[in-house]
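Undergrad: Okay, so the sequence shown: first residue is 19 according to my numbering, each after it adds one. Built from N, CA and C at the ideal position, the CB exists for glycine as well.
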Amino acid sequence: MLVHSSNARRSAGVGIPKGIALAATVLLVALLACLPAHEESGGIAPNGLGCPRFSASRALPVTVEALRADPMRYHGRLVRVRGAYVESFEMSALHPGPPVQDPWAADGVWVNGIPVTALPSEQAVELTGIVSAGQPAFPYGKGHLGQWPAELCVSSILPLAAPFSLLPAAL
19 MLVHSSNARR SAGVGIPKGI ALAATVLLVA LLACLPAHEE SGGIAPNGLG CPRFSASRAL
79 PVTVEALRAD PMRYHGRLVR VRGAYVESFE MSALHPGPPV QDPWAADGVW VNGIPVTALP
139 SEQAVELTGI VSAGQPAFPY GKGHLGQWPA ELCVSSILPL AAPFSLLPAA L
């Protein structure tokens with residue numbers, strides 16, 4: 019008769035308790051998320067969350083208001099848009115402005131691909147990326163709790179000094 023003791027099972031593994039391994043993993047992820055973003059050709063490099071890289075010079079200049087008014091018009095297109103980027107807990111959005119009156123009013127578009135803590139809150143930026151619009155039957159559905167009409171998967175980030183022209187210059 020073969021008896022398995024708890025000591026025999028522990029010795030077969032690595033010997034690190036699961037709690038310590040989990041804590042180490044969480045700490046590593048937190049440290050990696052807080053790394054400063056590196057600058058790339060005058061802008062901040064996106065964080066690589068699956069957003070494709072494109073040249074900003076090939077993007078269609080558009081305003082935040084135009085994206086909100088008709089997100090399906092820009093769905094799947096590469097655009098260049100200026101506004102105030104707001105990042106906080108459960109928030110990553112581009113709003114008209116600065117200043118931003120109420121970041122939770124969802125008067126902008128949701129943003130993916132900007133490294134955490136890469137920009138100060140309400141930083142004036144020019145973002146280039148691909149637009150993903152909410153479904154026509156259900157106009158919202160992007161971003162946190164699906165409250166945003168469109169999201170922008172960022173391929174380039176250019177911090178701007180405010181005040182700035184809301185419409186990016188066509189190149």
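1. Please name the residue, chosen from Ile175, Gly152, His113 and Pro177, that lies closest to Val81 on a Cα-to-Cα basis.
2. Thinking C-alpha only, which one of Phe107, Asp120, Val143 and Ile38 is nearest Ser173?
3. Tell me the residue span of the alpha helix (DSSP H) that contains Leu85.
4. Give the secondary structure of Ile34 by DSSP, where H, G and I count as helix, E and B as strand, and everything else as coil.
5. Cα-Cα, which of Pro177, Ser150, Val127 and Cys171 is closest to Gln4?
6. When you compare each of Arg86, Lys36, Thr43 and Gly94 to Ala193 by their alpha carbons, which one comes out closest?
7. Measure the alpha-carbon distance for Val104 versus Ile132 and round it to whole angstroms.
8. Give the DSSP bridge partners of Tyr103, in chain order.
9. Considering only DSSP beta bridges, list what Pro177 is partnered with.
10. Taking the beta strand (DSSP E) that Trp128 belongs to, which residues open and close that run?
11. What's the call for Ser59, buried or exposed, on a 16-neighbour Cβ count within 10 Å?
12. In the structure shown, what three-state DSSP assignment does Ser73 receive?
13. So what does DSSP say about Arg217, is it helix, strand or coil?
14. If distances are taken between C-alpha atoms only, which option among Arg98, Ala102 and Ala168 comes closest to Phe72?
TA: The short version:
1. Note that residue 81 corresponds to Thr in the displayed sequence, not to Val. Nearest neighbour of Thr81 by Cα position, chosen from Ile175, Gly152, His113 and Pro177, turns out to be His113.
2. Across the set Phe107, Asp120, Val143 and Ile38, the C-alpha of Val143 shows the shortest separation from the C-alpha of Ser173.
3. Annotation: the continuous alpha helix (DSSP H) that includes Leu85 extends over Val82 to Ala87.
4. The answer is coil: DSSP assigns Ile34 none of H, G, I, E or B.
5. Residue coverage of the chain in this structure runs from 19 to 189, which leaves residue 4 outside it and unanswerable.
6. As shown, the chain starts at 19 and ends at 189. That puts residue 193 outside it, with no answer to give.
7. Using only the alpha carbons, I get a separation of about 11 Å.
8. Leu112 and Gln141.
9. According to DSSP, Pro177 bridges with Val143.
10. Residues Val127 to Asn130.
11. A caution first: Ser59 carries a pLDDT of 45, below 50, which makes its placement in the model too unreliable to give a value.
12. Correct three-state label for Ser73: coil.
13. This structure cannot settle anything about residue 217, because the visible part of the chain is limited to 19 through 189.
14. For Phe72, the closest of Arg98, Ala102 and Ala168 by C-alpha to C-alpha distance is Arg98.
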